[in-house]
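Protein chains in written order, with the numbering used here: chain A, 3 to 290; chain B, 7 to 247. Virtual Cβ for every residue (Gly too), placed ideally from N, Cα, C. The structure displayed is predicted, hence computed values, not measured ones. Here the structure is laid out as C-alpha cells; the discussion comes afterwards.
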C-alpha cells in the first residue's frame with residue numbers, strides 16, 4: 003500500500019457488521035491514483051465497503067478519509083470530487099434516456115457530448131431516443147457507465163460496473179477505464195467478482211475474503227488457470243506431474259499451467275473442457 | 007451547476023402523477039361550482055354566511071388534497087425503496103438535504119395546488135369580499151399539508167415501504183378518523199390530530215382551529231426532524247428493485 007500522506011483514500015481499522023453477521027473487520031488500506039480493483043466473492047462486503055467509503059453508511063469502528071475529509075461527517079465536502087456509481091444506479095427524471103442524460107449532466111457537470119461519445123464507444127448510442135423500460139439490463143448499465151465516466155472528478159468509485167455486460171464489451175470497459183485514468187490522472191476504485199477482464203486494467207488489487215482484506219500493490223504477472231472439465235480428477239493428475247501446485251476446489255481445477263498445456267492435456271485424455279479462465283495468481287486464494 | 011437544479015430534479019422525480027393531480031383538483035373546482043350552484047347554495051351576504059359556505063368548499067377539497075398528498079408520499083417512499091434516494095446521496099447530497107427537499111416538496115406542492123383551487127373558488131363565489139375567508143382556507147390547507155407530509159416522511163423513513171407510508175395516513179384520514187371522531191371537535195389538540203375534515207362553520211380563524219393548525223405545523227416539523235435524524239441511521243440500500 004502507499005504511504006497515507008500521498009494517498010487520496012485512506013481507510014483505517016474499519017469494521018462493519020449487520021446485526022449478528024460480521025461483514026469485515028479491521029480493514030486498512032490507502033490508495034492513490036491509478037486503477038485499484040476490489041475483488042471478492044458474493045456477499046464478501048465489497049458494496050458495504052463502498053458505502054462506507056462514500057459516507058452513506060457509518061462504520062462500526064475505524065475511520066475513512068477522502069482527501070483528508072471524513073465522508074460520513076462531512077459528506078458533501080468529502081464526496082464533491084468523487085463520482086460513485088452504484089451497482090444499479092437509478093434513472094433520473096422519467097424513464098427517457100435523453101432526460102436522464104440531461105439531469106445527470108446538469109447535476110454532475112458532465113457534458114452531454116462526452117456522454118454520447120462514451121455511448122458510441124460502448125455501442126449503445128442507438129438507445130438515445132429510447133426509454134429505459136425498453137432496454138436490457140446490460141444496455142442500461144452501459145448508458146449509466148457512459149454517464150459516470152464522463153464526469154471530470156479525480157476519484158471514481160464503480161461498484162461492479164461489469165455486471166450484466168457482454169464479455170466482449172467488458173474488455174472495452176476495461177480499456178475505457180484505463181484510458182480515462184491515463185488521460186485525467188484519476189483514481190479508480192472498481193469492485194468486481196468478474197475477474198478476468200477488469201484485472202487487465204488493474205494497477206493494484208484489494209481482496210476481501212472472509213471478513214479480511216488483503217492487498218497487492220502490483221500484480222506479479224503470474225496467472226492461475228481455472229478449468230471445469232468432464233473429468234477433473236484425471237486431468238488434475240496429468241497436470242500435477244509438471245505443475246505440482248495443481249489442485250481441485252469447488253468443482254474446478256486450479257493450476258499454474260497455461261491454456262496451451264491445459265488444452266493439450268485435456269485433448270490427450272479425451273476430456274472436454276467446459277470453461278476456462280485465467281486470473282492473477284494473487285486472486286487464487288479467493289477461489290480456493 | 008445552478009442551485010435550483012437539484013430541487014427541480016426532486017420535483018420532477020416526485021411527481022409522475024402531475025396530470026392526475028391537476029385533473030382531480032380542477033374537477034373539484036368545477037364540481038364545487040356546479041353542485042353548489044345546482045343546490046342553490048350561495049355564500050350569503052354576511053361574513054358569517056361566507057364563512058359557513060367556505061367550509062363546504064374546504065371539505066369538498068379535503069379528499070382530493072389527501073389523495074395528492076398520498077401520491078407524493080408514495081413516490082417519495084418509493085425513492086427510498088428502489089435506491090433513487092441513495093443515488094441522490096451519491097451525487098453527493100447529504101441525506102439531510104435530500105430529506106429536507108422531499109419534505110418541503112411534499113408539504114408545499116399539494117398545499118399550493120389545493121390553495122390555488124380554493125382561491126379560484128373564492129373568486130368564483132365572490133368570497134373575496136371578505137378577505138379573511140380565502141386566507142383561512144389557505145391557512146388550514148397549509149397546516150394540514152405540513153402535518154400530513156410530516157407523518158408521511160416519518161413513516162417512509164421508518165418503514166421504507168411505499169405502501170405503508172402512503173396507505174396508513176391515507177386510510178387514517180379518509181376512512182378511520184371520520185368514522186370514529188364525532189363532528190363536534192372543541193379541543194384544538196384533537197383538531198390538530200384529526201385535521202381539516204372536522205372544521206366546522208364558525209367565526210373565521212376561530213381560536214380552537216388556529217391553535218389546532220399551529221399544532222399541526224409543529225407536529226409536522228417535529229416528525230420531519232425525527233425523520234432527518236432517523237434517515238442517517240438507516241441502511242439506504244434498495245429494498246425492492
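Using the Cα positions of residue i and residue j, report the straight-line distance between them to the nearest angstrom.
i                      : j                      : result
residue 69 of chain B  : residue 115 of chain A : 47 Å
residue 224 of chain B : residue 211 of chain B : 18 Å
residue 215 of chain B : residue 90 of chain B  : 38 Å
residue 20 of chain A  : residue 166 of chain A : 27 Å
residue 27 of chain B  : residue 126 of chain B : 16 Å
residue 195 of chain A : residue 215 of chain A : 15 Å
residue 275 of chain A : residue 246 of chain A : 20 Å
residue 91 of chain A  : residue 36 of chain A  : 24 Å
residue 184 of chain A : residue 268 of chain A : 41 Å
residue 93 of chain B  : residue 57 of chain A  : 13 Å
residue 87 of chain A  : residue 21 of chain B  : 25 Å
residue 13 of chain B  : residue 93 of chain A  : 16 Å
residue 259 of chain A : residue 205 of chain A : 24 Å
residue 226 of chain B : residue 186 of chain B : 22 Å
residue 240 of chain B : residue 95 of chain B  : 13 Å
residue 130 of chain A : residue 231 of chain A : 43 Å
residue 23 of chain B  : residue 77 of chain B  : 7 Å
residue 99 of chain A  : residue 84 of chain B  : 20 Å
residue 208 of chain A : residue 123 of chain A : 28 Å
residue 36 of chain B  : residue 88 of chain B  : 37 Å
residue 190 of chain A : residue 42 of chain A  : 17 Å
residue 187 of chain A : residue 164 of chain B : 42 Å
residue 236 of chain B : residue 104 of chain A : 32 Å
residue 285 of chain A : residue 34 of chain A  : 21 Å
residue 229 of chain B : residue 166 of chain B : 15 Å
residue 25 of chain A  : residue 161 of chain A : 17 Å
residue 75 of chain B  : residue 184 of chain B : 18 Å
Measuring CA to CA, which of the options is closest to residue i?
i                      : options                       : result
residue 153 of chain B : B:180, B:198 and B:124        : B:198
residue 43 of chain B  : B:243, B:117 and B:62         : B:62
residue 142 of chain B : B:53, B:40 and B:11           : B:53
residue 254 of chain A : A:226, A:270 and A:244        : A:226
residue 73 of chain B  : B:134, B:34, B:16 and B:96    : B:34
residue 15 of chain B  : A:30, A:108, A:74 and A:204   : A:108
residue 32 of chain B  : B:123, B:213 and B:129        : B:123
residue 30 of chain A  : A:51, A:42, A:43 and A:45     : A:51
residue 157 of chain B : B:145, B:232 and B:24         : B:232
residue 271 of chain A : A:257, A:239, A:252 and A:39  : A:239
residue 229 of chain A : A:105, A:256 and A:121        : A:256
residue 145 of chain A : A:168, A:138, A:128 and A:121 : A:121
residue 251 of chain A : A:234, A:178 and A:55         : A:234
residue 71 of chain A  : A:102, A:61 and A:55          : A:55
residue 244 of chain B : A:89, A:75, A:11 and A:140    : A:89
residue 145 of chain B : B:159, B:166, B:217 and B:45  : B:217
residue 106 of chain A : B:97, B:102 and B:104         : B:97
Tell me which residues share the same chain as residue i and place their Cβ nearer than 6 Å to its Cβ, disregarding the 5 neighbours each side in the sequence.
i                      : result
residue 149 of chain B : 219, 222 and 223
residue 151 of chain B : 113, 116 and 117
residue 80 of chain B  : 168 and 172
residue 118 of chain A : none
residue 59 of chain A  : 53
Residues in its own chain within less than 8 Å of residue i by CB, not counting five upstream and five downstream?
i                      : result
residue 255 of chain B : There is simply no residue 255 of chain B to check, as chain B begins at 7 and stops at 247 in what is shown.
residue 111 of chain A : 153 and 154
residue 5 of chain A   : The predicted model places residue 5 of chain A with a pLDDT of 45, which falls under 50 and marks its position as unreliable, so this point remains unresolved.
residue 180 of chain B : 69 and 72
residue 147 of chain B : 64, 67, 71, 117, 120, 121, 124 and 202
residue 5 of chain B   : In this structure chain B extends from 7 to 247, so residue 5 of chain B is not present and cannot be described.
residue 177 of chain A : 203
residue 7 of chain A   : Confidence is the limiting factor: at residue 7 of chain A the pLDDT is only 47, short of 50, which leaves the residue's position unreliable and the question unanswerable from this model.
Short of 7 Å in beta carbon distance, which residues of its chain neighbour residue i, apart from the five on each side in sequence? Order them along the chain.
i                      : result
residue 130 of chain B : 39
Next item on the list: Inspect the CB distances between the segment 58-78 of chain A and the segment 7-25 of chain A and report whether three or more fall short of 8 Å.
Entry: yes
Item checked: Cβ contact check for the segment 73-91 of chain A and the segment 278-288 of chain A: 3 or more pairs under 8 Å -> no
Check: Are three or more beta carbon pairs between the segment 118-134 of chain B and the segment 185-196 of chain B nearer than 8 Å?
Finding: no
Next item on the list: Check each residue of the segment 75-105 of chain B: if its Cβ is closer than 7 Å to any Cβ of chain C, include it; give the result in chain order.
Entry: Going by chain labels, chain C is absent from the structure shown, which instead holds the protein chains A and B.
Next item on the list: Please list the residues of the segment 100-118 of chain A that have a C-beta atom closer than 8 Å to any C-beta atom in chain B, keeping them in chain order.
Entry: 105, 108, 109, 110 and 111
Next item on the list: Spell out a yes or no on whether the segment 148-167 of chain A and the segment 83-90 of chain A are touching, meaning 3 or more CB-CB pairs, one atom from each, closer than 8 Å.
Entry: yes
Check: When Cβ atoms are compared, which residues of the segment 43-54 of chain A fall closer than 7 Å to chain B?
Finding: none
Check: What residues from the segment 8-23 of chain B come within 8 Å of chain A, judged by C-beta to C-beta, listed N to C?
Finding: 8, 11, 12, 15, 18, 19 and 22
Check: What residues in the segment 157-184 of chain B have a beta carbon less than 7 Å from any beta carbon of chain A?
Finding: none
Check: If you measure beta-carbon to beta-carbon, which residues of the segment 210-242 of chain B are closer than 9 Å to chain A?
Finding: 238, 239, 241 and 242
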